[in-house]
Amino acid sequence: MSYTTETADQVSSIAGEKYKYGFVTDIEMDLAPMGLNEDIVRFISAKKDEPEWLLQWRLRAYERWLTMEEPKWAKVQYPEIDFQDAYYYAAPKSKEDGPKSLDEVDPELLRTYEKLGIPLLEQQMLAGVAVDAVFDSVSVATTFRKELAKVGVIFCPISEAVKDYPELVQKYLGSVVPYSDNFYATLNSAVFTDGSFCYIPKGVRCPMELSTYFRINQANSGQFERTLIIADEGSYVSYLEGCTAPQRDENQLHAAVVELILLDDAEIKYSTVQNWYPGDADGKGGIYNFVTKRAACRGRNSKVSWTQVETGSAVTWKYPSCILQGDNSVGEFYSVAITNNLQQADTGTKMIHIGENTSSTIIAKGISAGRSQSTYRGLVRMQPGAKGARNYTQCDSLLIGDKCGAHTVPYIENRNRTAQIEHEATTAKISEDQLFYCRQRGLTDEEALSMIVNGFCKQVLQELPMEFAVEAQKLVGISLEGSVG
Amino acid sequence: MTNMLEIKDLHAEVGGTEILKGLNLTIGEGEVHAIMGPNGAGKSTLSYVLSGRDGYEVTSGSISYRGQDLFELAIEERAAAGIFLGFQYPVELPGVSSTTFLKTALNAILRQRGEDELDAMQFMKRLRTHTKALNISDDMLRRGVNVGFSGGEKKRNEILQMALLEPSFAVLDETDSGLDIDALKVVAEGVNALRAPDRSILVITHYQRLLDYIVPDFVHVLANGKIARSGGKELALELEENGYGEYASGTSGIEAA
Ligand SMILES: Nc1ncnc2c1ncn2[C@@H]1O[C@H](COP(=O)(O)OP(=O)(O)OP(=O)(O)O)[C@@H](O)[C@H]1O
Ligand SMILES: [Mg+2]
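First to last, the sequence lines map onto chains A and B.
Take 212 as the starting number for the first sequence in our numbering and just add one per residue.
Take 84 as the starting number for the second sequence in our numbering and just add one per residue.
In structure tokens:
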């Protein structure tokens, strides 16, 4: 814990007795009292020194949230979440609280870093060890920022963008995922603490993969992250989110929102590797990851591509979607979801075809091992105006062992006769034959499994940027350790 | 001199049924042996027992490989120790390109032997020499291992793997089945190229034709879970002529000397 129970109690008793809206003024405090109410929302907003419009937006979200119920349609099971039994604002942990050296870090975690081939300095940063000046991430970030500024790309924490680029934020925030969208997105709108903001100006091809140098900081970006990316006409950006190294977090519930906006001829490639703590082999602990990600292809010929490798979290609820509004716009969804032990994943996408000749591709690969459950849930909707629209969906499930489950739930709604929809689904099991064949050639059980599963996922992994792809391949093997033999 | 392989009174079960019933076989270094025998006699079973496959349970007897007790080694350790099995039915690995598979396998074996692994360049160079000789196209190397390969391509792919991994002892289970005459020659050349004084080969086949190209030092008949007869190359011709009638299950075969 980043705070002692004692302090927390003190704060909550002070807050409870003396203040109604009062503690809002005392923004020197490092954490808000436990629980969620209007005051907390105001507190967060004040902490961030936000303009009135944003506070009002948060408050509307909060009010709406009170009227909503947690969705129950996903094929996941978890104990009831007590939303009052959580802290919604805590200042980032100071470095001094962290481990002093790698010797103090969980050796299990270090072994995984090693297998992933993560450099020592990066390992230290990931594990929260205070690092000396040799690798100064701040100066690296500054250098990159300068380079981005040269071409006019804005890339900064969203809390900064609210101050520095208020018109952009106000215009686009909530324009793809409205504050009233769904239970978790609404909660996020009320209490989000930070996230990334990115604007690519007209005609600019972003000169680097965004957030590569940022990913270490992102490990601490918190429970309710909010990302907003705007690709102006004719621009291009490749954005990387997450980290292959296992991320531990004391917050069990994560509810992020990501909004992408694409104008004419713009392209966004959004890649995620999600490796939050999945809980132990008996399913204890582990993160609940309830994410709303959506892209609006507003412009003609715009293209968005979601690529995700989901290996972590105890429960995953996530459907990165595309609203294909501009004529000829293109949406792609490439997904690998691996579940092991008692993990549960209900993930997929929504492709909403509005414009003419819009096209979408869905390639979803689910791998289940142990006693885990993996569900692909996807919606393809052709609106009446989607003349000549096309969708191709391929869902493949791979089972390892006989105690796990894989499910495919496609929803297809076609309201235009000229639209074409193709759906293919397969389920396969890793056979003893395959493992034996590989072992006869000198591979161990785990090497064999990793190679076969990577082969199964290749279509998706090859969509990842190079540097991510190599780590992701290793991650695939590591996530399945102990599932054979 | 230690022999390459000494099998003594081997009994093995599959799914609770005894398949190998007291098999004896000795293979010296540098020798090529052929095993023939009726369907279901236990030829493939023998190859699986040699490679250590799960479910093939040895109930008694011994196998020593270059003086070492084979049963002490796991499947991949046997592979690293130089045992190679050319499969009767090669297995498909969708999405795993042959190149990736071969490189992973070769490096896994080198690693287990404590030797340096090959980098991509070194590996490709080595691979090229073999693919040329075996007439294997780049397209085949790019595709998933054995996925969509014709019967003959699968078998050539097995020989490619053998050539690359340079085993000390190779068992080729019906590598000739389903090959046209040209492919048969290519495969035989591949095998012959590997013949060496410190390398032994066991070919399992139904056709004496293969043995015109890969001339064996010894031919054995495996029937009813035992070596029923052993002889020279001419035994294959005789079998081709007379069939396995006299070794049919139930009749008492002639014990190997
Ligand atoms: N899992 C199993 N359970 C029970 N019996 C099995 C099993 N696998 C193989 N057998 C039996 O073992 C016997 C030997 O099979 P094997 O494959 O070794 O024969 P083979 O000599 O290679 O035949 P072929 O020439 O047709 O390839 C057969 O009768 C077969 O049915
Ligand atoms: Mg056989």
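C-beta: ideal position from N, C-alpha, C; glycine also.
Subject >> Amino acids of chain A, ordered along the chain, whose beta-carbon sits closer than 7 Å to that of valine 174 (chain B) >> reply: In chain order: Asp644, Gln645 and Tyr648.
Subject >> Neighbourhood of ligand 2 [Cβ distance below 7 Å to any heavy atom], ordered by chain position >> reply: Working through the chain, the matches are B:Lys126, B:Ser127, B:Gln171, B:Asp256, B:Glu257 and B:Ile287.
Original post:
What residue from B:Ala266, B:Lys104 and B:Arg161 has the CA that sits closest to glutamate 140 (chain B)'s CA?
Top reply: When only C-alpha atoms are compared, the closest one is B:Lys104.
Original post:
Which residues in the same chain as glutamate 249 (chain A) place their Cβ atom closer than 7 Å to its Cβ, once the five residues preceding and following it in sequence are excluded?
Top reply: Around glutamate 249 (chain A): Leu270 and Tyr273.
Original post:
Sorted by chain position, which residues of the same chain lie with C-beta nearer than 8 Å to alanine 266 (chain B)'s C-beta, five sequence neighbours on each side aside?
Top reply: Answer for alanine 266 (chain B): Gly235, Lys238 and Arg239, listed in chain order.
**OP:** Say yes only if the C-beta of valine 254 (chain B) is nearer than 8 Å to one or more non-hydrogen atoms of ligand 1, and no if none qualify.
**Re:** Not one heavy atom of ligand 1 falls within 8 Å of the beta-carbon of valine 254 (chain B).
**OP:** Mind checking the stretch 657 to 690 of chain A against chain B and listing, in chain order, the residues whose C-beta falls within less than 7 Å of any C-beta there?
**Re:** With the criterion set as a beta carbon lying under 7 Å from some beta carbon of chain B, the members of the stretch 657 to 690 of chain A are Glu658, Met662, Ile663, Gly666, Phe667 and Lys669, in sequence order.
Original post:
Taking all protein chains shown into account, do 16 or more other C-beta atoms lie within 10 angstroms of the C-beta of proline 121 (chain B), making it buried, or fewer, making it exposed?
Top reply: By the 16-neighbour rule on beta-carbons within 10 angstroms, proline 121 (chain B) is buried.
**OP:** Could you tell me whether any non-hydrogen atom of ligand 1 is closer than 8 Å to the CB of histidine 303 (chain B)?
**Re:** No, the beta carbon of histidine 303 (chain B) sits no closer than 8 Å to any heavy atom of ligand 1.
**OP:** Could you tell me whether any Cβ in chain B is nearer than 9 Å to the Cβ of glycine 612 (chain A)?
**Re:** Chain B, which has no Cβ nearer than 9 Å to the Cβ of glycine 612 (chain A), makes this no.
Original post:
Cα-Cα, which of B:Tyr330, B:Glu324, B:Val304 and B:Gly231 is closest to lysine 126 (chain B)?
Top reply: For the residues B:Tyr330, B:Glu324, B:Val304 and B:Gly231, the minimum Cα distance to lysine 126 (chain B) belongs to B:Val304.
Original post:
Under the rule that 16 or more other beta-carbon atoms within 10 Å means buried, what is lysine 326 (chain A), buried or exposed?
Top reply: With fewer than 16 other Cβ atoms inside 10 Å of its own Cβ, lysine 326 (chain A) counts as exposed.
Subject >> serine 449 (chain A) vs valine 415 (chain A) beta-carbon contact at 9 Å >> reply: Pairing serine 449 (chain A) with valine 415 (chain A) gives a Cβ-Cβ distance that is not under 9 Å.
Original post:
Taking Cβ positions only, does glycine 653 (chain A) come closer than 9 Å to chain B?
Top reply: Answer yes: the Cβ-Cβ gap between glycine 653 (chain A) and chain B drops below 9 Å somewhere.
Subject >> Residues that threonine 288 (chain B) bridges to, as DSSP identifies them >> reply: In DSSP, threonine 288 (chain B) forms no bridge with anything.
Subject >> Own chain residues within Cβ distance below 6 Å of asparagine 512 (chain A), not counting five before or after >> reply: For asparagine 512 (chain A), where only same-chain residues beyond five positions count, the Cβ hits under 6 Å are Asp476 and Asn539.
Original post:
How many angstroms separate the CA atom of glutamate 407 (chain A) from the CA atom of isoleucine 369 (chain A)?
Top reply: Residue identity check: residue 407 (chain A) is serine in the sequence provided, not glutamate. Roughly 5 Å between the two C-alpha positions.
Subject >> CB contact below 9 Å: alanine 157 (chain B) versus chain A >> reply: When Cβ-Cβ separations below 9 Å define contact, alanine 157 (chain B) makes contact with chain A.
Original post:
Does the Cβ of proline 173 (chain B) lie closer than 8 Å to at least one heavy atom of ligand 1?
Top reply: No, the Cβ of proline 173 (chain B) stays beyond 8 Å of every heavy atom of ligand 1.
Original post:
glutamine 192 (chain B) versus chain A: which residues are under 7 Å apart at the beta carbon?
Top reply: Contrary to the premise, residue 192 (chain B) reads as isoleucine rather than glutamine in this sequence. Contact note: isoleucine 192 (chain B) reaches chain A through Gly653, using a C-beta cutoff of 7 Å and chain order.
Original post:
Roughly how many angstroms lie between the CA atoms of glutamate 93 (chain B) and alanine 306 (chain B), to the nearest whole one?
Top reply: In the sequence as displayed, the identity of residue 93 (chain B) is leucine instead of glutamate. The C-alpha of alanine 306 (chain B) is placed about 14 Å away from the C-alpha of leucine 93 (chain B).
Original post:
Applying the criterion that 16 or more other CB atoms from any shown protein chain within 10 Å of the CB defines a buried residue, is glycine 208 (chain B) buried or exposed?
Top reply: Sequence check: residue 208 (chain B) is lysine here, not glycine. That one is exposed.
**OP:** With a 10 Å radius around its C-beta and 16 neighbouring C-beta atoms as the bar for buried, classify proline 290 (chain A) as buried or exposed.
**Re:** Here proline 290 (chain A) is exposed, its C-beta having fewer than 16 other C-beta atoms within 10 Å.
Subject >> Residues that glycine 178 (chain B) contacts on chain A, provided the C-beta gap is smaller than 7 Å >> reply: Gly666, Phe667 and Lys669, listed in chain order.
Original post:
If you compare alpha carbons, which of A:Val362, A:Glu633, A:Gly363 and A:Gly612 is closest to proline 621 (chain A)?
Top reply: The shortest CA-to-CA distance from proline 621 (chain A) to any of A:Val362, A:Glu633, A:Gly363 and A:Gly612 is the one to A:Glu633.
Subject >> ligand 1 heavy atom lying under 8 Å from the CB of alanine 466 (chain A) >> reply: Checking every heavy atom of ligand 1 against the Cβ of alanine 466 (chain A), none is found closer than 8 Å.
Original post:
According to the neighbour-count rule (16 or more other Cβ atoms, all chains shown, within 10 Å of its Cβ), is arginine 161 (chain B) buried or exposed?
Top reply: So arginine 161 (chain B) counts as buried.
Original post:
Do alanine 575 (chain A) and threonine 550 (chain A) have their C-beta atoms closer together than 9 Å?
Top reply: No, the pair does not count as a contact, with Cβ atoms beyond the cut-off.
Original post:
If you measure from the beta carbon of leucine 285 (chain B) to each beta carbon in chain A, is any gap under 9 Å?
Top reply: Not one chain A Cβ lies under 9 Å of leucine 285 (chain B).
Subject >> Where aspartate 152 (chain B) meets chain A, residues with beta-carbon distance less than 7 Å >> reply: Ordered by position in chain A, no residue passes the 7 Å Cβ test against aspartate 152 (chain B), which lies about 19 Å from the chain.
Original post:
Is the Cβ-Cβ distance between leucine 108 (chain B) and isoleucine 310 (chain B) less than 9 Å?
Top reply: Contact flag set, yes.
Original post:
Does the Cβ-Cβ distance between arginine 601 (chain A) and alanine 639 (chain A) come in under 9 Å?
Top reply: Taking 9 Å as the Cβ cut-off, arginine 601 (chain A) and alanine 639 (chain A) do not qualify as a contacting pair.
**OP:** Consider the C-beta atom of asparagine 307 (chain B) and the heavy atoms of ligand 1; say whether any pair is separated by less than 8 Å.
**Re:** No; taking the cut-off as 8 Å, the Cβ of asparagine 307 (chain B) has no heavy atom of ligand 1 nearer than that.
Subject >> Within chain A, the residues that aspartate 137 (chain B) reaches when beta carbons sit closer than 8 Å >> reply: What aspartate 137 (chain B) touches in chain A, judged by beta-carbon distance under 8 Å, is Glu643 and Phe647, going in chain order.
**OP:** Could you please give me the residues that DSSP links to lysine 357 (chain A) through a beta bridge?
**Re:** Note: lysine 357 (chain A) sits in no beta bridge, so no partner.
Original post:
Going straight from the alpha carbon of glutamate 280 (chain A) to that of asparagine 393 (chain A), what length do you get?
Top reply: Inter-residue distance for glutamate 280 (chain A) and asparagine 393 (chain A) is about 9 Å (C-alpha atoms, whole angstroms).
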